[in-house]
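In mature numbering (1 follows the signal peptide of the UniProt record, and there is no 0), the protein residues as written are -26 to -1, 1 to 174.
Right, here's the structure in full:
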């Protein structure tokens, strides 16, 4: 009997707490100095963010991932996702960073790959990392043995948001799940999804 009274009292207190705490669910710390950036509707613009400082030229920018952004004109897929760089001012202008333009439809698919799901900066003058965890590799396309794996993919960009061809680190060759079991990656590592989270 005593246990039932304690349980009822606890439930009543919990109900009162929930009733009176409804108005304090969240708030903005600074409402007078808001910097707002907008992307395409439905593109998940802003899902990932990173502040980055270039050294040459000296510039601070906001890097914004937009995993469901429409593909650039040079890309074969329709929706690939992307990375945007934005000035830290009150303009709404953001510019798409152009990379990852090639696509070999016989061996890969970048459709709905979610590029920009992860964005990281290495710090002032450092590299930038952005990933697409739904990037697909394909084998034996248009045959009864056709196989799709989802290893994911990450790109490392130089401090100026370009791929330096002389840097061993830059580019999209960061495929950590590839080759673990030879030609049979699909049998054990079909859904690696590298890049869902990443850091330097």
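Backbone N, C-alpha and C fix where the C-beta goes; we use that ideal spot for every residue, glycine too.
The stretch 77 to 86 makes contact with the stretch 109 to 125; the number of CB pairs closer than 8 Å reaches 3 or more.
By the Cβ test, the stretch 12 to 25 is in contact with the stretch 80 to 98, since at least three Cβ pairs between them sit closer than 8 Å. For residue 151 and residue 127, the gap between their C-alpha atoms comes out near 10 Å. Considering only 84, 105 and 25, the residue with the shortest C-alpha distance to residue 33 is 25.
Only residues of its own chain outside the window of five on either side were considered, and among them 101, 138, 141 and 144 have a CB closer than 7 Å to the CB of residue 132, listed in chain order. Looking at the backbone, the Cα of residue 130 and that of residue 65 are separated by about 27 Å. Taking C-beta atoms under 8 Å as the contact rule, residue 58 and residue 72 fail to qualify, at a distance of about 11 Å. The beta carbon of residue 49 lies closer than 8 Å to those of 74, 75, 77 and 84 in the same chain, with the five residues before and after it left out. When rounded, the separation of the alpha-carbon atoms in residue 172 and residue 119 is 33 Å. When secondary structure is reduced to three states using DSSP, residue 18 falls in the coil class, being assigned neither helix nor strand. With at least 16 other beta carbons inside 10 angstroms of its own, residue 168 counts as buried. With contacts defined as CB atoms closer than 9 Å, residue 39 and residue 51 fail to qualify as a contacting pair.
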